[in-house]
Structure formats: structure tokens, C-alpha cells
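Novice: Protein chains in written order, with the working numbering: chain A, 244 to 448; chain B, 244 to 448; chain C, 244 to 448; chain D, 244 to 448. Glycine included, each C-beta is placed from N, C-alpha and C at the ideal position. This is the structure I want to talk about, given as C-alpha cells.
4 protein chains.
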Amino acid sequence: MLTVIKKKDLRKQQILQAAIDVFGKSNFQSASISEIAQKANIAEGTIYQYFKNKEDLFFSIPAQKTESFCDELDLHIEGIHDAFNKLRKLTWYYLYFFKTNPDYARILMLEMRVNKSFFKSRTFGKVQVFNDKVLEIIKEGQEENFIRNDMKGHVIREVLLGFLEHRVTRWLLKEEKYDLLANYGEIFDLVFNGIKSPNAERRHM
Amino acid sequence: MLTVIKKKDLRKQQILQAAIDVFGKSNFQSASISEIAQKANIAEGTIYQYFKNKEDLFFSIPAQKTESFCDELDLHIEGIHDAFNKLRKLTWYYLYFFKTNPDYARILMLEMRVNKSFFKSRTFGKVQVFNDKVLEIIKEGQEENFIRNDMKGHVIREVLLGFLEHRVTRWLLKEEKYDLLANYGEIFDLVFNGIKSPNAERRHM
Amino acid sequence: MLTVIKKKDLRKQQILQAAIDVFGKSNFQSASISEIAQKANIAEGTIYQYFKNKEDLFFSIPAQKTESFCDELDLHIEGIHDAFNKLRKLTWYYLYFFKTNPDYARILMLEMRVNKSFFKSRTFGKVQVFNDKVLEIIKEGQEENFIRNDMKGHVIREVLLGFLEHRVTRWLLKEEKYDLLANYGEIFDLVFNGIKSPNAERRHM
Amino acid sequence: MLTVIKKKDLRKQQILQAAIDVFGKSNFQSASISEIAQKANIAEGTIYQYFKNKEDLFFSIPAQKTESFCDELDLHIEGIHDAFNKLRKLTWYYLYFFKTNPDYARILMLEMRVNKSFFKSRTFGKVQVFNDKVLEIIKEGQEENFIRNDMKGHVIREVLLGFLEHRVTRWLLKEEKYDLLANYGEIFDLVFNGIKSPNAERRHM
DNA sequence: AATGAATGAGAATTCATTCAT
DNA sequence: AATGAATGAATTCTCATTCAT
């Protein structure tokens with residue numbers, strides 16, 4: 244029984260990997276099931292034994308990828324005790340992960356992130372796990388009084404993740420011609436200290 | 244002669260408006276030429292007298308919209324003499340514009356911004372006009388010593404525009420259920436002052 | 244009145260010449276009225292003032308061309324008194340004409356000659372003028388006892404014209420890469436003397 | 244496995260036959276895929292599982308037909324030992340074949356034979372097989388000193404095939420109103436003995 | 001469980017022709 | 001007489017999905 248389940252899972256992984264390859268090179272509408280089947284060395288019909296339809300297969304990609312992303316992230320953060328260094332590490336790992344998974348990056352940033360149905364899909368829940376993790380660290384930072392307390396944690400998170408997403412997106416659109424990690428320090432600096440001149444006074448709107 | 248030109252322009256506008264309606268409700272691939280023609284009350288073939296093909300029509304939308312966006316923006320900024328207030332006004336107008344043009348917002352943020360071909364298209368040049376304008380103001384701010392000088396202007400711009408784009412995108416994905424302008428002060432505050440606690444020291448990576 | 248007629252005729256010629264250019268480069272179905280209009284420097288609609296429709300324009304080409312072909316041929320044959328030399332000259336002029344009018348050659352050989360409607364069209368009559376001329380010469384040859392008398396003139400004509408058409412067609416399909424006139428003597432020799440060895444006896448089927 | 248291959252081949256034949264019917268009645272551009280599908284009692288899409296596109300289907304017709312033509316021809320020629328009788332039989336079979344396959348005749352003579360792309364297509368190679376066969380027989384005839392040796396074999400072939408093609412073409416354009424085989428002896432006689440009067444001397448140009 | 005042949009709806013684009021100006 | 005904007009029918013090809021084997 245166990246081996247059967249494993250076998251099924253293996254086949255699913257195999258299809259999912261082919262899907263990442265294919266969707267990553269084009270986009271949801273242009274990518275074809277037949278191409279994915281070919282890449283996975285199976286018949287087209289077989290895909291429908293594991294996924295309800297094309298959209299189901301597509302949305303299953305981030306569900307699986309987020310899981311491995313989070314697992315790995317946990318390992319990197321383990322042992323770090325202050326929120327500042329946790330966020331720094333997280334920033335680094337975030338960029339490192341997409342740099343080393345450009346196909347998936349394209350799928351997530353240029354397709355999913357911009358797709359209303361994805362946010363309503365079941366699989367979106369799994370992606371939220373990461374967001375929750377970030378929020379937790381930010382709240383820690385607020386408790387440690389290193390992150391401002393006059394705004395809710397999720398607003399703070401939006402600034403950080405929004406800017407990270409933006410960076411990765413630009414990099415993809417520039418066809419990955421430069422090193423995504425090159426000046427990642429800059430990013431955190433800007434988000435942390437803001438764009439204001441150090442000798443300028445704090446100002447609000 | 245003049246009236247003929249005007250007439251042709253009018254027809255083009257009419258098609259462009261129908262295209263915004265239709266593309267705004269779905270997306271490039273799903274939207275159909277026949278639907279656009281129907282909405283514009285013309286025959287399908289007529290569209291091809293004014294635009295080379297579907298993509299040309301699609302990419303012509305931001306070309307036209309950016310122009311009117313910039314013209315209007317100029318009026319709003321006129322008379323403001325310091326970079327801080329210019330940026331504040333720009334931030335406000337940016338959000339105001341997309342709040343009042345949600346169909347176009349969807350086209351620009353969820354389709355164009357994520358489309359490699361768009362960045363290579365001729366029409367992209369027209370969109371750059373706005374980006375140039377923002378860079379100019381930021382450089383002013385750096386000269387006025389209100390924006391940090393240790394980073395290049397276009398990096399600063401990326402933080403601001405990246406976050407604005409992110410905000411608009413979220414709002415669209417949440418189906419415009421809240422007021423995009425509601426707490427726009429927050430945005431500028433975060434970008435300007437950063438996420439760090441006021442009493443925390445400046446830190447870098 | 245006369246000048247008006249001439250003006251009309253001139254315009255017709257202008258369109259016809261553009262049509263030869265355009266139809267000669269592609270084929271009836273692929274060629275477009277708009278391209279012809281462009282080449283003739285007139286509006287599309289104007290063509291319909293001079294020709295009933297696309298087919299009418301198309302079929303009008305050989306009508307006009309055959310006329311000038313025959314006029315010229317008459318000049319070349321004038322003064323020649325025996326059928327042998329008349330046929331020899333005709334063969335030469337036939338190849339010379341198509342060599343110097345390749346666009347028209349393509350239209351006549353690759354399109355018209357193979358088009359059932361053309362043979363039924365009014366304009367086909369004008370093309371027959373040439374055929375009649377050839378038949379006349381052949382009959383002369385038969386009377387002079389230089390061409391065999393055991394077959395009807397039009398059968399003889401078919402051999403000659405059939406082979407000429409075939410030669411021109413091959414040349415066009417080979418993209419005019421060799422000189423159509425190069426070994427035209429060969430053609431007449433073969434048609435006249437047949438393919439049999441000189442010392443072989445005459446044989447029939 | 245064998246039956247599967249046979250089944251696929253059968254389906255291909257079925258489509259090819261429908262294509263001959265339809266292309267034979269009109270022409271490449273006018274014939275529609277939907278009509279062919281209808282005639283073959285299959286869905287339009289199915290055609291594209293067996294042929295790359297309309298042109299591929301079109302060009303596949305002579306590839307297949309030539310094969311069966313050549314096979315049959317071989318049977319007819321087998322046992323004939325001299326080139327004269329071989330050519331006589333070939334002439335007869337050529338006309339017989341097209342008389343009994345008028346749809347295909349129309350496709351080959353009125354469409355293919357006049358189509359530049361066809362001569363460049365891969366399928367044209369298969370048609371060449373027949374031409375090679377004819378050349379071989381002609382060379383035999385030259386060795387047997389029954390066909391003239393002062394000209395290359397392929398020039399001789401051109402006269403024969405050119406005239407045969409011409410005859411079939413005329414017959415098709417006259418809407419097959421007479422018997423193509425009726426006086427086929429005439430053809431060979433003319434090609435063999437030439438149009439010159441028997442008592443006229445051999446003359447060249 | 002796996003296959004892959006068959007489906008058939010769907011969409012962009014072209015272009016001859018018309019007709020109001 | 002000349003224009004050229006508008007038309008809208010017509011057609012190829014793609015591809016997700018099904019289902020009999």
C-alpha cells in the first residue's frame with residue numbers, strides 16, 4: 244500500500260516538474276498539455292488521472308514549491324535569535340531561491356501573482372504559510388522595538404515582500420541578464436531605513 | 244482634410260475605449276476581437292484598418308493612456324516647488340488615477356507589467372516618459388538633501404514605484420473592495436521613513 | 244470626346260500593367276486588389292469603375308497582351324514566304340516574347356492555361372487569334388508538302404504549341420535560371436524530325 | 244501493434260481519398276478543410292493528426308498516387324523486351340491511368356504541375372521515380388539505335404512527357420468530353436516521326 | 001493505470017466589393 | 001470620375017478534454 248502511494252506521488256512529481264519546465268518557458272495559455280506530457284514521457288490522458296484539468300495542474304505548482312521553499316527557509320533561519328538577522332537571512336534566501344529557480348520564478352511572479360483565480364484557489368492556502376512566517380518575524384521585530392510599532396505588522400510585511408516581488412519581477416523581465424543577488428543589501432537598507440536623507444527629519448503625509 | 248483626420252482619430256479612440264473595456268474584464272488571450280468590435284459597434288474587419296493586429300491594439304492602450312496621465316499629472320504638480328510635495332502629490336495622483344480607471348489599471352498592472360514583449364514594444368517608449376519625470380523629481384530631492392544621496396536616483400525610484408505598483412496590484416486582486424486612496428499617507432511614510440523603529444539606529448546589510 | 248476615350252483607355256492600361264506586375268509575382272487568389280491599386284497609384288474603388296471584378300481584370304490581361312503579341316509577330320513574319328521559315332521565326336519569337344515578359348508568362352502559363360473558366364470567358368476569343376494564325380501557316384506547310392499530310396492541321400499545331408508551352412512552363416518553374424532561347428533550335432528539330440533515330444524506319448502504333 | 248499501424252494507415256488513406264475528391268472538384272485555395280473532413284466523415288481536427296497542414300495534405304496526394312501508378316506500370320511493362328514497345332505501352336498506360344483517375348489528373352495537371360512549391364517539396368522526390376523510369380527506357384532505345392543519339396535522353400523525355408501532359412491537360416479543360424485514349428497512336432506517331440512530311444528531307448535550325 | 005485517437009468549439013485575420021461623399 | 005472607410009463572410013488551425021481499449 245505504501246509503495247503504491249509513493250508510486251502515485253512520484254508520477255505526480257514527474258508531471259509537476261515537466262509542468263514547471265513548460266509553463267516557465269511560455270505562459271498558461273500558450274503552454275500545451277501535449278508538450279507537458281511529452282516532457283514527462285507520458286501520454287496526455289495520463290495527466291488527467293492526476294489533475295482535474297490544466298488549471299488544477301497549474302495551480303498545483305506553487306503549492307508544492309512553497310512547501311520545499313519553507314522547509315529550506317526554516318533550516319536557514321534556525322539558530323538566529325533576533326528579528327533583524329532573521330529578516331536579513333530571509334531576504335537573502337528569497338532572492339537566492341528565485342535566482343536558482345527561474346522557471347518557477349516566472350510562473351509565480353509573472354503569472355500567479357497577477358491571477359485573480361489563483362488567490363481564490365484551494366492551493367493558495369499553502370502559499371500563505373510563508374506569508375504567516377514573515378508576519379511572525381516582523382511582529383518579533385516590533386516587540387524587540389527594532390521595527391516601527393505605529394503600523395500593523397501586515398502593512399510592514401507588504402512593504403518588504405512587495406519590494407522583493409518587484410525586484411524579482413524586474414530581473415525576470417530583463418531576462419535575468421544581471422545577478423539577482425548582486426546588491427541585495429541595498430534592498431534591505433532601503434526598506435529598513437527608507438529613502439529619506441539621514442539628516443532629514445522624519446516626515447509624514 | 245482636418246475633419247477627416249479628426250474622424251479617423253475619433254474612430255480609433257472609439258475602438259481603443261472598447262478595447263480597454265474588454266481587455267480590462269478578462270485578459271489578452273481570453274478577450275476576443277469580435278467582442279471588442281461588438282462593444283465598439285463596428286465590424287470586426289474595421290479594427291484591422293486601425294490596428295495591425297490584436298497585439299498592436301493591446302499595446303496601443305498604454306501608449307494613449309500614459310499620455311493623458313502625464314498631461315494631467317503636469318497640471319497637478321505645477322506650482323509645487325519642493326520635491327517632497329511634488330512626490331506627495333504624485334503619489335496621490337497615481338493612486339487617484341488608477342482608482343478612477345480600474346479597467347486600465349487591470350490592463351497595465353496585471354497584464355502589461357508582466358509581459359516581456361511589452362517592454363520590447365515600440366509603445367513602451369511612451370510609458371517611459373512618466374518614469375523619467377519621477378526620476379527628475381527624485382534627483383531634485385537629492386539636491387535638496389531631502390532624499391538620501393548614497394544611492395542612485397533610479398534605485399530610489401524603483402522603491403517608490405515598485406511599492407505603488409504593488410499596492411494597486413493588491414487592490415485589483417482584492418477586487419477593489421476597499422478604497423485605494425484610503426490610507427495613502429501610509430505608503431509614502433513607509434517608503435520615506437522605512438520600516439525601522441524611530442528610536443532604532445540606522446543599520447545596513 | 245476622343246481625348247476622354249483616350250484618357251479612359253490610358254487609365255485602363257495603367258491598371259492592367261499594375262495587375263500584370265502583381266498577378267505575375269503571386270497568383271490569382273493570393274494577389275490582392277489593394278496591392279494592384281497601390282501599384283497603379285489609384286484607390287481600390289477606382290478599379291471597379293474599369294473592371295467588373297477581380298476575375299474580369301485578371302482575364303483582361305491576355306486579351307490585351309495577345310493583341311500586341313500578334314501585331315509584333317506579323318511584323319516578324321512579313322516578307323517570309325515559305326512555311327518552314329515562318330514556323331522557325333514564330334518559334335523564335337514565341338520564346339523571345341515570353342523571355343522578355345516573364346510576369347505575363349507566369350500569368351498565362353501557370354494560371355490561365357490551366358483555368359477552366361478562362362477557356363469559357365469572353366476574352367479567350369482574342370487569344371484564339373494567334374492559334375488561327377499558326378494553323379494557317381501549318382496548312383501552308385502541308386500544301387508545300389513540307390509538313391505531313393496524314394494528320395489534320397490542328398493536331399500538328401497541338402504538337403508544336405504544346406511543346407512550346409511545356410518549355411516555357413519548365414523554364415518558369417526552374418525560376419528562369421537558364422536562357423529560354425539558348426537552344427531553341429533543338430525544339431524545332433525535335434518537333435519537326437521526331438525523336439526517332441535517322442536510320443530507323445518510320446513506325447506507327 | 245501491426246493492426247494499429249494498419250488502422251492509422253487506413254485512416255490516412257480515407258482522408259487522402261476525400262482530399263482527392265474535393266481538391267479534384269475545385270482547387271487548392273478554394274477547397275476547404277471542412278469539406279474534406281465532411282467527405283471523410285471525420286472531425287476537422289482529425290486531419291491535423293495525420294497531416295501537418297493543408298499544403299502537406301495536398302502534396303501527399305501525388306506522393307501516394309505516383310507509387311501505385313509506378314507499381315502498376317511495372318506490371319504492364321514486365322516481359323516487354325524492346326524500348327519501342329515499352330514506350331508504346333507506357334504511353335498507353337499513362338493515358339489510361341489519367342482517363343480512369345480524372346480527379347487526380349486535375350490535381351496533378353492543373354495544380355501541381357504548375358506549382359513552384361510542389362517542385363521544391365519533399366514529396367516531389369517520389370514523383371521523380373516515374374521520370375527516372377522513362378529516362379531509362381529512352382536510353383535503352385538510344386542503345387538499340389531506335390531513338391536518335393544526337394540529343395541527351397532527358398531532352399527526348401521532355402518531348403514525350405511534355406506532349407503527354409499537354410494532351411491530358413487539354414482533355415481536362417475540354418471537360419473530358421472525348422475519349423482520352425481514342426487516338427493515342429497519333430501521339431506516339433507524332434512524337435516519334437515528327438511533323439515533317441515523309442518525303443521531306445531532314446532539316447535543322 | 002495508461003493510452004492516444006478523435007473531437008469540435010473557438011478565434012484571428014484577410015480581402016473583394018460597396019457606397020456615401 | 002475617384003475615393004477609401006466599412007463591411008462581414010469565410011477559413012485554417014489549435015488544443016483541452018474525453019473515452020474506448
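Any idea what DSSP makes of B/I390, helix, strand or coil?
Specialist: Strand at B/I390.
Novice: Please list, in chain order, all residues of the same chain as A/E408 whose beta carbon is under 7 Å from its beta carbon, the five residues on each side excluded.
Specialist: M352, R356
Novice: Report the neighbours of C/N388 on chain D: residues whose CB is nearer than 8 Å to its CB, in chain order.
Specialist: S440, N442, A443
Novice: Nearest to C/T343 by CA position, among C/Q371, C/S360, C/K308, C/K369, is which residue?
Specialist: C/K308
Novice: How would you call D/G368, buried or exposed, if buried means at least 16 neighbouring beta carbons within 10 angstroms?
Specialist: Counting other Cβ atoms within 10 Å of its Cβ, D/G368 stays below 16 and is therefore classed as exposed.
Novice: Indicate whether at least one CB of chain D lies closer than 7 Å to the CB of C/V370.
Specialist: no
Novice: Buried or exposed for D/Y421, going by 16 or more other Cβ atoms inside 10 Å?
Specialist: exposed
Novice: Since C/K359 meets chain D, which of its residues come closer than 7 Å, beta carbon to beta carbon?
Specialist: Those within 7 Å of C/K359 in chain D are L416.
Novice: On the CB-based measure, 16 or more other CB atoms within 10 Å of its CB, does B/N358 come out buried or exposed?
Specialist: buried
Novice: Can you check DSSP and say which residues form a bridge with B/K395?
Specialist: Partner(s): none; B/K395 has no beta bridge.
Novice: Check each residue of the segment 424-435 of chain B: if its Cβ is closer than 7 Å to any Cβ of chain A, include it; give the result in chain order.
Specialist: G428, E429, F431, D432, L433, V434, F435
Novice: Quick test of your reading: C/P441 and C/T366, contact by CB under 8 Å. State the CB separation rounded to the nearest angstrom.
Specialist: With 8 Å as the limit, C/P441 and C/T366 do not qualify as a contact, their Cβ atoms being about 44 Å apart.
Novice: Quick one, are the C-beta atoms of D/L424 and D/L338 less than 7 Å apart?
Specialist: yes
Novice: Taking the C-alpha atoms as reference points, what is the distance between B/M244 and D/D346?
Specialist: Confidence at B/M244 is low in this model, with a pLDDT of 48, below 50, so its placement is unreliable and no value can be given for it.
Novice: Is it buried or exposed, C/I303, if we count other Cβ atoms within 10 angstroms and call 16 or more buried?
Specialist: Correcting the residue identity first, residue 303 of chain C is Ser in this sequence and not Ile. Buried, because 16 or more other Cβ atoms sit within 10 Å of the Cβ of C/S303.
Novice: From the DSSP output, read off the bridge partner residues of A/K439.
Specialist: B/I390
Novice: DSSP three-state label for C/G288, please.
Specialist: helix
Novice: My assumption, with CB atoms under 8 Å, is that C/I258 sits in contact with C/Y291. Please give the rounded CB distance.
Specialist: Between C/I258 and C/Y291, the beta carbon gap of about 10 Å keeps them out of contact (Cβ cut-off 8 Å).
Novice: Would you kindly report the start and end of the unbroken alpha helix (DSSP H) that includes B/T309?
Specialist: 297-320
Novice: Should D/R391 be flagged as near chain C, meaning a C-beta pair shorter than 7 Å?
Specialist: yes
Novice: Note down the Cα distance separating B/F451 from A/L404, rounded to an integer number of angstroms.
Specialist: Since the first residue shown for chain B is 244 and the last is 448, residue 451 of chain B is missing from the structure and cannot be characterised.
Novice: Is D/I258 helix, strand or coil by DSSP?
Specialist: helix
Novice: In the structure shown, what three-state DSSP assignment does A/T366 receive?
Specialist: coil
Novice: Is the CB-CB distance between C/V411 and C/A326 below 7 Å?
Specialist: At the C-beta level, C/V411 and C/A326 stay beyond 7 Å of one another.
Novice: By the criterion of Cβ-Cβ separation under 9 Å, what are the contact partners of C/L403 in chain D?
Specialist: I438
Novice: So which residues of chain A does B/I399 contact, with C-beta pairs closer than 9 Å?
Specialist: L433, I438
Novice: In chain order, what residues of the same chain lie with their CB nearer than 6 Å to the CB of A/G267, ignoring the 5 residues before and after it?
Specialist: D346, R349, I350
Novice: Tell me whether D/S364 is buried or exposed, calling it buried when 16 or more other Cβ atoms sit within 10 Å of its Cβ.
Specialist: buried
Novice: Determine the extent of the alpha helix (DSSP H) in which A/L239 is found, giving its start and end residues.
Specialist: Because chain A is modelled from 244 through 448, residue 239 of chain A falls outside the range shown and cannot be assessed.
Novice: Taking only the alpha-carbon atoms, compute the straight-line gap between A/R445 and B/H397 and give it to the nearest angstrom.
Specialist: 22 Å
Novice: Which residues mark the beginning and the end of the alpha helix (DSSP H) in which D/E326 is found?
Specialist: First, the amino acid is wrong: residue 326 of chain D is Ala here, not Glu. 326-343 is the span of the alpha helix (DSSP H), which, as asked, contains D/A326.
Novice: Does A/H447 have its Cβ less than 7 Å from a Cβ in chain B?
Specialist: yes
Novice: Run through chain A and tell me which residues come within less than 7 Å of B/L353, C-beta to C-beta.
Specialist: Using a Cβ-Cβ cut-off of 7 Å, B/L353 is close to V357 of chain A, given in chain order.
Novice: Under DSSP, the alpha helix (DSSP H) around D/E418 begins and ends at which residues?
Specialist: It is not in any alpha helix (DSSP H) - D/E418 carries neither H nor E in the DSSP assignment.
Novice: Relative to the alpha-carbon of B/V377, which residue among B/K255, B/R413, B/K332, B/D393 has its alpha-carbon at the smallest distance?
Specialist: B/K332
Novice: Taking a cut of 8 Å between CB atoms, which residues from the segment 297-320 of chain A lie near chain B?
Specialist: none
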